[in-house]
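Chemist:
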Amino acid sequence: VCTLPFTGRHSFESLTDDAAVETMFRTHFPDVVPFMPNAVAEFQSRPISELITIRTSRWHHKGKVLLIGDAAHSVIPFYGQGMNAAFEDCSILNRLIDRRGTGDRQALFAEFQDLRKPNTDVLARLSIANFFEMQDTARRPLVTARKRTSIFLNKLFRQHSMPLYTMISHTTIPYAEAVEKHRRQERIARWLGLDLVVGAVSLHVRLRAALARRRAARLATEA
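Using this note's numbering, the first residue of the sequence shown is number 105, and each one after it goes up by one.
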């Protein structure tokens, strides 16, 4: 997936020919060029599509039509949950049908939407937020420190402390419930003073990065 603006200096509009595409890859993705000998041809053969989020206020009509999956709640791909959310729709709808049958489909569809829409709305917000986190903050020492501390706490207290990404991607906890649980964990962590631990880990990350840069500079000078 190559995500670019539609217009501007660095955009799909600027990639007018094969040479421009090759320059883009060599400038911004030089490490993958040796592994993608057909990158230019593959790029040119793919249609340009928009990344969209779909939020529909009503998923059903008079017990005759029900929207599920992307038709009801398409999300951008930066949490990797679009297909999983569609499968969850199927699973939950099947359970509702098993429990109440299909005699009153209007009520069945309404209950399905009431159960799913709060969670898919949360997923849409998470997907957008994760895009900006990956773009702007993923490499910041404080963010790295928070993630490492969260993983460490999960190893110590598996049943009581779980990273948000783990809850979303590796459990069947509903999305809205996972976010609320994550907020509770953060409140408890602040109450216990774990922000100090995060700060210490962040400082450690900064120092290691500085030492690595200094070592690389020294090796380059010696070479």
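Positions of the beta carbon are idealized from the N, C-alpha and C atoms, including for glycine.
Do A228 and V179 count as a contact pair if the criterion is CB distance below 8 angstroms?
Modeler: Counting from 1 along the sequence shown, the entry for residue 179 is found at position 75. Counting from 1 along the sequence shown, the entry for residue 228 is found at position 124. Taking 8 angstroms as the Cβ cut-off, V179 and A228 qualify as a contacting pair.
Chemist: Flag this pair as yes or no: are the beta carbons of E329 and V144 separated by less than 8 angstroms?
Modeler: Because the chain in this structure spans residues 105 to 327, residue 329 falls outside the shown range and cannot be described.
Chemist: By the three-class DSSP mapping on this structure, what secondary structure does H165 have?
Modeler: For the purposes of this step, residue 165 is taken as residue 61 along the sequence shown, with counting starting at 1. H165: strand per DSSP, three-state reduction.
Chemist: Name the DSSP bridge partner or partners of L170?
Modeler: In the sequence shown, counting from the first residue as 1, residue 170 sits at position 66. Partner(s): H164.
Chemist: CA-CA distance, A211 and T157?
Modeler: Position 107 of the sequence shown, counted from the first residue, corresponds to residue 211. Position 53 of the sequence shown, counted from the first residue, corresponds to residue 157. Rounded to whole angstroms, A211 to T157 spans 27 angstroms at the Cα level.
Chemist: What is the DSSP secondary structure of M271, counted as helix, strand or coil?
Modeler: Position 167 of the sequence shown, counting from 1, holds the residue named residue 271. The answer is helix: DSSP assigns M271 an H, G or I state.
Chemist: Let's see if you can read the secondary structure: which residues bound the alpha helix (DSSP H) around H132?
Modeler: Locating residue 132 in the sequence shown gives position 28, counting from the first residue. Counting along the chain, the alpha helix (DSSP H) containing H132 begins and ends at D122 to H132.
Chemist: Given this structure, state the Cα-to-Cα distance separating A124 from R113, to the nearest angstrom.
Modeler: As a position in the sequence shown, residue 124 is number 20, starting the count at 1. As a position in the sequence shown, residue 113 is number 9, starting the count at 1. Going from the Cα of A124 to the Cα of R113 covers about 12 angstroms.
Chemist: Rounded to a whole number of angstroms, what is the C-alpha to C-alpha distance between S89 and A314?
Modeler: Because the chain spans 105 through 327 in this model, residue 89 falls outside it and cannot be assessed.
Chemist: Using 8 angstroms as the Cβ pair cut-off and three pairs as the minimum, do the segment 169-189 and the segment 201-208 touch?
Modeler: Verdict: no, contact absent.
Chemist: For the alpha helix (DSSP H) holding N142, just list the boundary residues, first then last.
Modeler: By one-based count along the sequence shown, residue 142 stands at place 38. It is not in any alpha helix (DSSP H) - N142 carries neither H nor E in the DSSP assignment.
Chemist: From R130 to A280, what distance separates their C-alpha atoms?
Modeler: Position 26 of the sequence shown, counted from the first residue, corresponds to residue 130. Position 176 of the sequence shown, counted from the first residue, corresponds to residue 280. Between R130 and A280, the C-alpha separation is close to 41 angstroms.
Chemist: If we ignore side chains and look at the alpha-carbon of each, how far apart do A189 and I277 end up?
Modeler: By 1-based counting over the sequence shown, the position of residue 189 is 85. By 1-based counting over the sequence shown, the position of residue 277 is 173. Each residue's Cα considered, the two are about 12 angstroms apart.
Chemist: Touching or not, the segment 137-156 and the segment 166-174, by the rule of three or more beta carbon pairs under 8 angstroms?
Modeler: Taking 8 angstroms as the limit for Cβ pairs, the verdict is that the segment 166-174 does not touch the segment 137-156.
Chemist: Quick check on DSSP: helix, strand or coil for T206?
Modeler: Counting from 1 along the sequence shown, the entry for residue 206 is found at position 102. Looking at T206 - three-state DSSP - the assignment turns out to be coil, as it is neither helix nor strand.
Chemist: Check H177 in the structure and name its three-state DSSP category.
Modeler: Position 73 of the sequence shown, counted from the first residue, corresponds to residue 177. Reduced to three states, the DSSP call for H177 is helix.
Chemist: On the criterion of 16 or more Cβ atoms from any shown chain inside 10 Å, does T53 qualify as buried, or is it exposed?
Modeler: What is shown of the chain runs 105 to 327, which leaves residue 53 out entirely.
Chemist: According to DSSP, simplified to helix, strand and coil, what is Y183?
Modeler: For the purposes of this step, residue 183 is identified with residue 79 of the sequence shown, where counting begins at 1. Note: Y183 maps to coil in three-state DSSP.
Chemist: On a Cα-Cα basis, can you pick out the residue from F216, L197, D225 and T270 that is closest to H177?
Modeler: Reading the sequence shown from its first residue, position 73 is the one you call residue 177. Comparing Cα positions, the closest option is D225.
Chemist: In angstroms with no decimal places, state the Cα-to-Cα distance between H165 and I272.
Modeler: Position 61 of the sequence shown, counted from the first residue, corresponds to residue 165. Position 168 of the sequence shown, counted from the first residue, corresponds to residue 272. C-alpha separation (whole angstroms): 30 angstroms.
Chemist: DSSP on H286, reduced to helix/strand/coil?
Modeler: Walking along the sequence shown from the start, residue 286 turns up at place 182. Three-state DSSP puts H286 in a helix.
Chemist: Output the distance between the C-alpha atoms of Q233 and Q239, rounded to the nearest integer angstrom.
Modeler: Locating residue 233 in the sequence shown gives position 129, where the first residue counts as 1. Locating residue 239 in the sequence shown gives position 135, where the first residue counts as 1. In the sequence on display, residue 233 carries Ala and not Gln. Between A233 and Q239, the C-alpha separation is close to 10 angstroms.
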